[in-house]
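**Student:** The opening position of the sequence shown corresponds to residue 10 in my numbering, with each subsequent residue numbered one higher. Cβ atoms here follow ideal geometry from the backbone N, Cα and C, with glycine treated the same way.
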Amino acid sequence: INNQGTIRLDQGLTITKAGAVHHNTDSIIINSGKTLTFNQGNFNYDGGSISGTGILKFNNGATYTVNTANIPSIIKTTFTSSTLAAPSLITNLGNLQFINNNSITANLKNGATGIIQISNQTNSMSGNLTTVAGSKLSIDCDSYYSDLTIDSGFVNNGTIELDALNGNYSSSLTINNRTLTNNPNGT
10 INNQGTIRLD
20 QGLTITKAGA
30 VHHNTDSIII
40 NSGKTLTFNQ
50 GNFNYDGGSI
60 SGTGILKFNN
70 GATYTVNTAN
80 IPSIIKTTFT
90 SSTLAAPSLI
100 TNLGNLQFIN
110 NNSITANLKN
120 GATGIIQISN
130 QTNSMSGNLT
140 TVAGSKLSID
150 CDSYYSDLTI
160 DSGFVNNGTI
170 ELDALNGNYS
180 SSLTINNRTL
190 TNNPNGT
């Protein structure tokens with residue numbers, strides 16, 4: 010796909026092609042209850058918009074590369090065994106959910122309305138993380154253990170939540186290098 014016009018999803022759409030590179034420079038609208046799924050391949054967000062109340066999914070080795078300053082803030086973007094990448098700092102103002110076995114190689118700023126949700130195990134971040142007041146990093150195991158390993162320390166200005174939603178599993182946040190500093194406005 011090389012979208013230079015408008016794609017409106019009134020039904021779900023799954024795109025599966027290993028090695029494919031898809032681009033968006035115009036408009037994708039994902040309607041309520043619908044999902045646009047990329048299984049494998051690369052999706053490059055080069056501009057335009059991705060909007061609506063549906064879900065954008067990346068599965069099975071797909072890479073979502075954001076080539077703009079902001080990640081499109083639709084209701085939810087989910088990752089399973091996939092990668093979030095960017096050539097420069099990107100800002101999240103929506104809900105990014107990393108389910109399991111994901112890599113965040115982007116330098117990521119979690120904006121004032123941004124939620125980074127870790128919902129299962131083996132999620133790692135090699136890019137730098139920046140948080141601001143109002144943002145949330147939620148590691149919320151429900152049906153299994155949830156963890157996020159971050160290669161470098163960061164200063165938290167938002168909220169970090171480690172939850173065991175059903176009480177049978179645990180959540181963990183690991184910082185490999187440097188420290189996690191919780192500023193006075195961070196919780």
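1) With DSSP as the reference, label L238 as helix, strand or coil.
2) Going by C-alpha distance, which of N129, Q13, S155 is nearest D55?
3) Return the chain-ordered list of same chain residues with a C-beta closer than 6 angstroms to the C-beta of S36, the five sequence neighbours on each side being excluded.
4) With the cut-off set at 8 angstroms, would you say K85 and G50 are in Cβ contact?
5) Between which two residues does the beta strand (DSSP E) harbouring N104 extend?
6) Which residue wins for smallest C-alpha separation from P121, given the options N175, L138, G103?
7) Can you name the residues that DSSP bridges to Q126?
8) Expressed to the nearest angstrom, what Euclidean distance is found between the alpha-carbon atoms of S82 and N132?
9) If you draw a straight line from the C-alpha of S152 to the C-alpha of F88, how long is it?
10) Look up K26 in the DSSP assignment and say whether it is helix, strand or coil.
11) Considering only the beta carbon of each residue, do S91 and N68 sit closer than 8 angstroms?
**Tutor:** Looking at the coordinates:
1) With the chain represented from 10 up to 196, any question about residue 238 goes unanswered, as that position is not in the structure.
2) It is Q13 whose Cα lies nearest to the Cα of D55.
3) T15, G57, S58.
4) A distance of 8 angstroms or more separates the beta carbons of K85 and G50.
5) From DSSP, the beta strand (DSSP E) with N104 extends over 104-109.
6) Contrary to the premise, residue 121 reads as Ala rather than Pro in this sequence. Relative to A121, the option among N175, L138, G103 whose CA is nearest is G103.
7) Per DSSP, Q106, S147.
8) If I take the Cα positions, the gap works out to 21 angstroms.
9) Each residue's alpha carbon lies about 17 angstroms from the other.
10) K26: coil per DSSP, three-state reduction.
11) Yes, Cβ-Cβ distance for S91 and N68 is below 8 angstroms.
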